[in-house]
Structure formats: C-alpha cells, structure tokens
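First comes the structure, then the notes that go with it.
Chains as they are written, first to last, in our numbering: chain C, 1 to 111; chain G, 1001 to 1112.
Right, dumping it as structure tokens:
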C-alpha cells in the first residue's frame, strides 16, 4: 500500500521548458489536489479533481494544466516554466474531501 | 467563504513546557478542521481532525485540539514539548468544493 506517490522528487528546469509532475494513488480516492508550498505562504491550491474526467481550478492555476483520465493518476503539467514556479509541489488525495493523504513532494527549481 | 488564520508565524518553547499553536477559522456552517505537521524536507502528516463530533479532539504524539464555536478557534496544544516536535504546523479547513484551504503555518522551535 504505497499511498500517494509523486515523481520526480527533485527537478531543475530552464525557463521556457515544459514538464509533467506525476501523482498516483492506490487507495481508490475520488478527490485529488495539487498544492504549491512557498515560504510564508502556506500551501496554495493549484488544481483539483473530484473524480475521473472532472477537474477545476484552485487559487493559483495560471501556468499549469491537469487532466484526470483515471481514478489513480493526476498529473500536473507546466506548460512553459518560469522562475516564479520554483516551489515545492504536493499532491494529495481523499476518499470524499475529508482526511487528505499527502505525497512526499516534488522540489522544483526553475533557472 | 471558509478560511483559517494562524495567529503566530513562529513559536519557541523549552523542552518539557506546554505548547500552544493558535488557529482561528471563518465559516458560514459547521466546519471540518485539521492540523497537519511537516518536518523539515518532508510531506504533511495529519495530526488530528474535527468533524462535528466531540469538541476535544485527540491526535497523534500527545497533541490535542479544542473546537470552540463561540471563539471560532481550534487551537493545538500539547502538555510537554519534545525536541522531536520541532516542525511546521498547519491548520486547515475544507472548502465547499471538498478541498483543503490552509493557514500560512506556524514554525515550532523547541529549545533544550
């Protein structure tokens, strides 16, 4: 039982590059979310999903895309990386919007 | 709209003394409230949650929190701090859409 798995753990990108942060959960949770964590800002919601085929924007969606083709996977795509996207990214899942389980995070640096 | 405010960005205590981390909430209905802990370079771990049952909630590692509707508060306490409690703590509530909204965090330092 792996819980929520995020890959990669660390990534360095050049400005303008694109990449996908992977998130997978094996708990059959319907709700999944992506957050970014910046010093002094807490965690801010980027995008979320309440089930396969359903996604919506959070507080800070600009520059990111998501899709949810299966219950298990919720990838986050950076379309054209910018230094302002340097952050730690967390994926989380929940069976019904209560009691989220978090992944261990992806530390992204954009140079 | 639902929100949470953590009143202290940094709290410092001595080992063996009580811990108090403060969180106020804003909600138009009875909220679900959570405390998470994050140790350095780690993910978030759920400490405890309030979902409209008992107002005093016990969590892991000796932490507990009391839901006070009259004060719109959900403060986290522990009778005696350990060095291993040094971490960042986040208060959170659930939006109507079913996802979490977090406070900005309180960094707890524990002095020997």
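Beta carbons are placed, not taken as given, at the ideal position from N, Cα and C, and that holds for glycine.
These figures come from a predicted structure and were not determined experimentally.
Cutoff 6 Å; reference residue i; Cβ partners in own chain excluding five residues on either side
{"i": "residue 1073/G", "result": "1024"}
{"i": "residue 29/C", "result": "93, 94, 95"}
{"i": "residue 1007/G", "result": "1022"}
{"i": "residue 1155/G", "result": "The requested residue 1155/G does not occur in the structure, where chain G is confined to residues 1001 to 1112."}
{"i": "residue 1111/G", "result": "1014"}
Beta-carbon gap between residue i and residue j smaller than 8 Å
{"i": "residue 9/C", "j": "residue 86/C", "result": "no"}
{"i": "residue 25/C", "j": "residue 4/C", "result": "yes"}
{"i": "residue 1048/G", "j": "residue 1059/G", "result": "yes"}
{"i": "residue 1081/G", "j": "residue 1017/G", "result": "yes"}
Residues that residue i bridges to, as DSSP identifies them
{"i": "residue 51/C", "result": "54/C"}
{"i": "residue 65/C", "result": "77/C"}
{"i": "residue 37/C", "result": "43/C, 88/C"}
{"i": "residue 1090/G", "result": "1036/G"}
{"i": "residue 1083/G", "result": "For residue 1083/G, which the question treats as bridged, DSSP gives no partner whatsoever."}
Proximal residues to residue i (C-beta, below 7 Å), its chain only, five neighbours per side dropped
{"i": "residue 1075/G", "result": "1020, 1021, 1022, 1023, 1065, 1066"}
{"i": "residue 70/C", "result": "52"}
{"i": "residue 65/C", "result": "77, 79"}
{"i": "residue 2/C", "result": "26"}
First and last residue of the uninterrupted beta strand (DSSP E) at residue i
{"i": "residue 1036/G", "result": "1033-1038"}
{"i": "residue 10/C", "result": "10-13"}
{"i": "residue 70/C", "result": "First-last for residue 70/C: undefined, no H or E at that position."}
{"i": "residue 1064/G", "result": "1064-1068"}
{"i": "residue 1057/G", "result": "1056-1058"}
{"i": "residue 1111/G", "result": "1106-1111"}
{"i": "residue 19/C", "result": "19-25"}
{"i": "residue 1017/G", "result": "No beta strand (DSSP E) contains residue 1017/G, which DSSP labels as neither H nor E."}
{"i": "residue 1101/G", "result": "1100-1102"}
Backbone CA spacing between residue i and residue j [nearest angstrom]
{"i": "residue 1079/G", "j": "residue 79/C", "result": "48 Å"}
{"i": "residue 1044/G", "j": "residue 102/C", "result": "6 Å"}
{"i": "residue 38/C", "j": "residue 1053/G", "result": "33 Å"}
{"i": "residue 22/C", "j": "residue 1070/G", "result": "43 Å"}
{"i": "residue 40/C", "j": "residue 1102/G", "result": "12 Å"}
{"i": "residue 110/C", "j": "residue 1041/G", "result": "19 Å"}
{"i": "residue 77/C", "j": "residue 1097/G", "result": "22 Å"}
{"i": "residue 15/C", "j": "residue 46/C", "result": "20 Å"}
{"i": "residue 1051/G", "j": "residue 1037/G", "result": "18 Å"}
{"i": "residue 27/C", "j": "residue 1046/G", "result": "17 Å"}
{"i": "residue 1034/G", "j": "residue 1090/G", "result": "8 Å"}
Spatial neighbours of residue i in its chain, beta-carbon cut-off 8 Å, leaving aside the 5 residues before and after
{"i": "residue 68/C", "result": "32, 49, 51, 52, 53, 54, 55, 74"}
{"i": "residue 1011/G", "result": "1019, 1020, 1021, 1106, 1107, 1108, 1109"}
{"i": "residue 1083/G", "result": "1015, 1110, 1112"}
{"i": "residue 1009/G", "result": "1104, 1105, 1106, 1107"}
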